[in-house]
Amino acid sequence: MSPERLGNIGSRPGDEAPGPSGEIRRQGVSAAPGIVVGTVFLKDSVRLVVPNTGIENAEREVENFKRGIEDTRVEIDNIRADMTERMGEDHARIFDAHLMILADVTIIDGTTEVIRRDKLNAAAAYEMAIDHILHSFGEIEDEYLKDRYADIMDVKRRAIRNLLGESDAVISRPTEPVVIVAHDLSPSDTAQLNRSNTLAYATDGGGRTSHTAIMARSQGVPAVVGLDDLFDQAHNGDTIIVDGNTGTVIVKPTPATLEDYELEQKRFHELEEQLLTLTGYPAITLDDKRFVLAANLDMPEEVESALEHGAQGVGLFRTEYYFISNESLPSEEDQYHVYKSVAEKMGGRPVTIRTLDIGGDKIAQYLHSSAELNPFMGWRGIRFCLTRKDIFRTQLRAIYRASAFGKLRIMFPMISQFEEVIQAKQICAEVMEQLRGEQVEFDQTVELGIMIETPSAVAIADHLGKEVDFFSIGTNDLIQYTMAVDRGNAKIAHLYQNLHPAIIRAIKQTVDAARKREIHVSVCGEMCGDPRALLLLIGLQLDEFSAGPNVIPEIKRMIRSVTFDECRSLVKRVMRYRTAGEIEKAIDKFMAAKEPVNGRRVTK
Amino acid sequence: MLELNKQISNKIGLHLRAAGEFVKLAAKYQCEITVYNGDRYANGKSILGLASLAAARGAIVRVIFDGPDEEDALAALETLFDNKFYEE
């Protein structure tokens, strides 16, 4: 799994020192694109102080306690209803857990006992009881369970606020458009933030699949996560720049920086607007060679953005998000609803669903398996699924059932052996047979394809191509495995070269194999978002490019400004070169010579 | 007093969701229900208590029932274990 897919491993180049004249720069993980200049709003800067005061009448305090808990229950109920309406049942379900935590008998009884025994006020007694449980959670060596700590804290904060008789307003909420800066945002935080007052999110914790990231992307609000200590560095009212494209956040920027970013922001908006005017136009070269442009998605809520940016399908629907963010393995029913909603929203356009591409390292969190020394070369992707056939079958059943509602394709990740394809196909056949037996309706012609992302798959692509309906080249992992480079490692990141002759040759070999077997071949990595590499990919005759929704218009613009012929000769030329540097230079020369042509179709 | 020993066989163990199912059912009975995982134990009617046992898939938990409707409670919770906490 590449860092980009994993989420938590963002690149963190050194730029952490305070910049000129007190400017604070932080590099985090880009979670949602866009650039915003705004004012800092610190979430939960108000600390609730629980007084240690005793009480006279224990029974009356027990009554107060019960009333406070009841008020809290009503509050959570309301948030849940509101959330269901705005974001759907899936997002609301976490609040069921909150309600059960609130009603927990150990805490209720524990609090009542302390009130009666120690004659302590309800808020302090409650804090004592819940901290006791939190303490035993802290001792658990289970990463997954530790994540639930945040949910308990959320309930605790809400209940204590009610017990102190403070209104909801004490948990401050912005009244004008601001940038929300927080340690981390819980589901109930984001549920209560008014979207029209939220310009951007910047949080200390979280990765690409964290709750904040998911919400931001579905709201179309820029976000940067994984900022370490931004919350402690920033103050309410500070000017802040959030660059969700690069993952950079700057607090108290100098006038010069501010000017740069305001310009950058304007440029980004103009480009976005200009590119969006291309939405209705086909991705076709000047000499009429057509390409398919599709979107990479992490969750169903991103479908709207994909369509807005002109995606003709979903080239890669990653299913890991549900597995990582849920509190347990998602059921067949849960998955079925997700896949069905994507299929329906895409209205008959093809949607390629990648089966679980999760590493032993991630899933270990709730399966309690042991950590691996080298997870990138470990028990992951199809290897994991073929061992845990129960999880694999559940997912396949959900996909096949959803196939009745649109055009779905199934794609297997991390293939390195011929037998893996045979086994995976066999399981698909069994699942289909089972569904037929149950008389469940599904698409009998769902296409099966594989990711080409290991050097061994490239080498036997002609054999693999005989067994499947399509290839999708996952460039992030293909580069990592071919170059033997972890790009998260700053010391060797420069060796991660998407223009290395080995990569260009590997892609050519894969395309040749696909042509020989007469199957469809696409690229679904970050490589197609790189203009230089894209020129080569066009010339290499890929059929389809799949990328993040906001990158699609850019790819289209490039395709519409070149001829297929010239890209093909460019490829022919660079195939002889020995280094990435030589190839890069040749492409730059080509681009410089082309510049005047660029405007021809871009401006309609 | 009755005792039930059961292996946790749902996919991810006795985490919040499974614990929630357990508690919902346990709350319907008057008898006291205590769940042991090794030397740790928790009130079977407390979701946080159960979750803090960190009983993983494969772990064998001991459940003690004590009270007038203990037989019914045992039967109901045994069915819940056998159905893997209705996760599928």
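Chains as they are written, first to last, in this note's numbering: chain A, 1 to 604; chain B, 1001 to 1088. Beta carbons: idealized from backbone N, C-alpha and C, even for Gly.
query = Just to confirm, are residue 317 (chain A) and residue 353 (chain A) a CB contact at a threshold of 8 Å?
reply = The Cβ atoms of residue 317 (chain A) and residue 353 (chain A) lie closer than 8 Å to each other.
Checklist entry - alpha helix (DSSP H) containing residue 509 (chain A): first to last residue? => result Start and end: 501-517.
Which residues, in order along the region 1014-1044 of chain B, keep a beta-carbon less than 9 Å from a beta-carbon of chain A? Listed by position, the residues of the region 1014-1044 of chain B near chain A (Cβ gap below 9 Å) are 1015, 1016, 1017, 1018, 1019, 1020, 1023, 1024, 1027, 1040, 1042 and 1043.
Mind checking who residue 1007 (chain B) pairs with in its DSSP beta bridge?
Per DSSP, B:1060.
Three-state class that DSSP yields for residue 134 (chain A) in the structure shown
Residue 134 (chain A) carries a helical assignment under DSSP once its states are collapsed to helix, strand and coil.
query = Buried or exposed: which applies to residue 126 (chain A), given that a residue is buried once 16 or more other Cβ atoms fall within 10 Å of its Cβ?
reply = So residue 126 (chain A) counts as buried.
### Task
Following the continuous beta strand (DSSP E) through residue 984 (chain B), name the residue where it begins and the one where it ends.
Lying before the first or after the last residue shown, residue 984 (chain B) is absent from chain B, which here runs from 1001 to 1088.
For residue 438 (chain A), does the three-state DSSP call read helix, strand or coil? Residue 438 (chain A): coil per DSSP, three-state reduction.
In three-state DSSP terms, what is residue 388 (chain A)?
-> For residue 388 (chain A), the three-state secondary structure derived from DSSP is coil.
Open item on the list: Threshold first: 4 residues or longer. Then list the alpha helix (DSSP H) segments lying entirely within the region 17-100 of chain A, N to C.
Closed with: Correct list: 58-87 and 89-92.
- Any chance the region 256-265 of chain A sits against the region 53-64 of chain A, with 3 or more Cβ pairs inside 8 Å? Contact between the region 256-265 of chain A and the region 53-64 of chain A is absent: fewer than three C-beta pairs spanning the two stretches fall below 8 Å.
According to DSSP, is residue 459 (chain A) part of a helix, a strand, or is it coil? In the structure shown, residue 459 (chain A) falls within a helical segment according to DSSP collapsed to helix, strand and coil.
| So which residues of chain B does residue 100 (chain A) contact, with C-beta pairs closer than 7 Å? | Listed along the chain, the chain B residues whose CB falls inside 7 Å of the CB of residue 100 (chain A) are 1020, 1023 and 1047.
Query raised in the report: So residue 376 (chain A) is in the alpha helix (DSSP H); what residue range does that whole segment cover?
Result: Premise fails: residue 376 (chain A) is in no alpha helix (DSSP H) and is neither H nor E.
Item to complete: Take every Cβ of the region 576-585 of chain A, pair it with every Cβ of the region 492-505 of chain A, and state whether three or more of those distances are shorter than 8 Å.
Response: Segments in contact, yes.
Determine the direct distance from the alpha carbon of residue 509 (chain A) to that of residue 330 (chain A), and round the result to whole angstroms. Those two C-alpha atoms are separated by around 38 Å.
task: Would you kindly work out how many angstroms separate the C-alpha atoms of residue 251 (chain A) and residue 245 (chain A), rounded to a whole number?
output: Cα to Cα, the separation comes out at about 17 Å.
Practice problem: With 8 Å as the threshold, decide whether the Cβ of residue 396 (chain A) is near any Cβ in chain B. | Solution: By this cut-off, residue 396 (chain A) is not an interface position.
Consider the Cβ of residue 1006 (chain B): report whether some Cβ of chain A lies at a distance smaller than 8 Å. Closer than 8 Å to the CB of residue 1006 (chain B) there is not a single CB belonging to chain A.
Worksheet item: Is the CB of residue 1009 (chain B) under 8 Å away from at least one CB in chain A?
Response: No, no contact with chain A.
query: Using a Cβ cut-off of 9 Å, which residues of the region 328-352 of chain A contact any Cβ in chain B, in chain order?
result: Within the region 328-352 of chain A, the residues whose Cβ lies closer than 9 Å to some Cβ of chain B are 328, 329, 331, 332 and 333, listed in chain order.
Handout entry: Enclosing beta strand (DSSP E) for residue 350 (chain A) [first to last residue]
Key = Run containing residue 350 (chain A): 350-354, per the beta strand (DSSP E) assignment.
Would you verify that the beta carbon of residue 1064 (chain B) is, or is not, closer than 8 Å to some beta carbon of chain A?
-> Taking Cβ atoms only, chain A never reaches closer than 8 Å to residue 1064 (chain B), which makes this a no.
Q) Which one or two residues does DSSP pair with residue 408 (chain A) in a beta bridge? A) Its beta-bridge partners are A:351.
Margin query: Below 8 Å, how does it come out for the region 1018-1028 of chain B and the region 1042-1052 of chain B: are there three or more Cβ pairs, yes or no?
Written below: Yes: the two stretches touch, three or more of their Cβ pairs being nearer than 8 Å.
Min CB distance residue 114 (chain A) to chain B below 8 Å: Under the Cβ distance rule, residue 114 (chain A) does not count among the residues neighbouring chain B, no pair being separated by less than 8 Å.
- Message: Looking at the secondary structure, which residues open and close the beta strand (DSSP E) in which residue 494 (chain A) lies?
- Response: Boundaries for residue 494 (chain A): no beta strand (DSSP E) harbours it, and the DSSP string shows neither H nor E there.
Look up residue 447 (chain A) in the DSSP assignment and say whether it is helix, strand or coil.
-> Three-state result, residue 447 (chain A): strand.
Original post:
In this structure, does DSSP put residue 198 (chain A) in helix, strand or coil?
Top reply: It is a strand residue.
- Item | Cβ of residue 431 (chain A) within 8 Å of any chain B Cβ | Not closer than 8 Å to any Cβ of chain B, the Cβ of residue 431 (chain A) fails to qualify, so no.
I'd like to confirm the pairing. Which residues does DSSP put opposite residue 1066 (chain B) in its beta bridges? Answer is B:1032.
So that I know if they touch, is there some Cβ in chain B lying closer than 8 Å to that of residue 45 (chain A)? Residue placement at residue 45 (chain A) is poorly supported in this model, since its pLDDT is 49, which falls under 50; the coordinates are not used for a value here.
**Report entry** Short CB-CB distance (under 8 Å) between residue 97 (chain A) and chain B
**Finding:** Using a CB distance cut-off of 8 Å, residue 97 (chain A) counts as an interface residue toward chain B.
Handout entry: Neighbourhood of residue 119 (chain A) by C-beta distance below 7 Å, restricted to the same chain and skipping five residues each side
Key = These residues qualify, in order along the chain: 54, 55 and 58.
Could you list the residues in the region 124-138 of chain A with a C-beta less than 7 Å from some C-beta on chain B, going in chain order?
-> If the cut-off is 7 Å between Cβ atoms, the region 124-138 of chain A has 133, 136 and 137 near chain B.
Q. Candidates A:518, A:477 and A:576: which alpha carbon is nearest residue 527 (chain A)'s?
A. Nearest of A:518, A:477 and A:576 to residue 527 (chain A), Cα basis: A:477.
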